[in-house]
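A.B. asks: Going down the list, the protein sequences come from chains V and X.
The first sequence lines up with residues 1 to 115 when you count with my numbering.
The second sequence lines up with residues 1001 to 1115 when you count with my numbering.
Each residue gets a CB set at the ideal place from its N, CA and C atoms; glycine is no exception.
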Amino acid sequence: DAEITQSPRHKITETGRQVTLACHQTWNHNNMFWYRQDLGHGLRLIHYSYGVQDTNKGEVSDGYSVSRSNTEDLPLTLESAASSQTSVYFCASSERSTGLFGELFFGEGSRLTVL
Amino acid sequence: AQSVSQHNHHVILSEAASLELGCNYSYGGTVNLFWYVQYPGQHLQLLLKYFSGDPLVKGIKGFEAEFIKSKFSFNLRKPSVQWSDTAEYFCAVKRGNNAGNMLTFGGGTRLMVKP
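1) Could you tell me whether the Cβ of X:F1119 comes closer than 7 Å to any Cβ of chain V?
2) When the cut-off is 7 Å and only beta carbons count, does V:E103 lie next to chain X?
3) Who pairs with V:L43 in a beta bridge, going by DSSP?
4) Measure the C-alpha to C-alpha separation of V:A82 and V:L21 and round it to an integer number of angstroms.
5) At a CB distance below 7 Å, what residues from the region 26-49 of chain V approach chain X? Give them in sequence order.
6) Which value, in whole angstroms, describes the spacing of the CA atoms of X:G989 and X:T1030?
7) Which ranges does the beta strand (DSSP E) cover as unbroken runs of at least 3 residues, wholly within the region 1040-1079 of chain X, from first to last along the chain?
8) Might you give, ordered along the chain, the residues of its own chain that have their beta carbon closer than 8 Å to the beta carbon of V:L104, omitting 5 neighbours on each side?
9) V:F90 and V:G63 - do their beta-carbons sit closer together than 7 Å?
10) DSSP three-state call for V:Q85: helix, strand or coil?
11) Can you pull out the residues from the region 1049-1061 of chain X whose beta carbon lies closer than 8 Å to at least one beta carbon of chain V?
12) Any residues in the region 1084-1114 of chain X with a beta carbon nearer than 7 Å to a beta carbon of chain V? Which ones, in chain order?
13) Using 7 Å as the limit for Cβ to Cβ distance, is V:G109 near chain X?
14) Please say whether X:C1023 and X:F1074 have beta carbons closer to each other than 7 Å?
15) Along chain V, which residues have their Cβ under 8 Å away from the Cβ of X:H1010?
16) In the DSSP assignment, find the beta strand (DSSP E) that holds X:Y1089 and state where it starts and stops.
17) Under 7 Å, Cβ to Cβ, is there at least one residue of chain V near X:T1007?
18) If I measure Cβ to Cβ from X:K1058 and keep anything under 8 Å in the same chain, skipping five residues before and after, which residues do I get?
19) Who are the Cβ neighbours of V:E3 in its own chain at under 8 Å, not counting the five residues just before and after it?
20) Residues in its own chain within less than 6 Å of V:L74 by CB, not counting five upstream and five downstream?
Here it is as structure tokens:
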């Protein structure tokens, strides 16, 4: 079955370190997204991509970057982790086809703690 | 900027009680509307969606939602909740008919159902 996987599922890091969260989907979806989930804020969009070599900033992109070198992967990098980036991160993907029009499929989340 | 409001942040109900969770959005054009559910420790899953046609949408597990365009609302309902409905519920809105447009999520409503 097609799926979307995130790794690591849990990570503790220190302030100032670079962290990369991996996201891999086997749906062959064009669109991929990174959200962070925080109490009281719901899900907020960090970055998104509509295809290979395409990346766009979302609502809360400061301190984060992404790259899209192939269809399957959209890694999220925190260049210099800050305590404010302690959160649960969700990767999601969607297809342009009519049958899955706009519906997002989510990974299981990556819980990041920055000390 | 488009916003999505979920007015109830926490709801506590007893089993068999009826449920209605509010969702309002601010965008005036064509919208696609979604409700996602996140069970404890799990990723977000699609509960139901509205694209066009009958404004009363039925989803999985006995949930339904009604799109009222004049009120910019898409409230989620269930006539009789079960303990297993304990979860966090997110309303989401996508503008227009372009599958590339990203979803904007509300802040979420945490539902606790007491046995």
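C.D. replies: According to the structure shown:
1) Only positions 1001 to 1115 of chain X appear in the structure, and residue 1119 of chain X is not among them; the question remains open.
2) yes
3) V:Q37
4) 15 Å
5) N31, F33, G40, H41, G42, L43, L45, Y48
6) Residue 989 of chain X cannot be examined here, being either before or after the span of chain X that is shown, 1001 to 1115.
7) 1045-1050, 1056-1058, 1064-1068, 1073-1078
8) F33, A92, S93, S94
9) no
10) helix
11) K1049, F1051
12) F1090, K1094, A1099, G1100, M1102, L1103, F1105, G1106, G1107, G1108
13) yes
14) yes
15) The contacting residues do not exist; X:H1010 stays about 11 Å from chain V at best.
16) 1087-1095
17) Looking at the sequence shown, residue 1007 of chain X is not Thr but His. So no, X:H1007 is outside the interface.
18) L1048, E1064
19) Q25, T26, W27
20) C23, M32, S49, V66, R68
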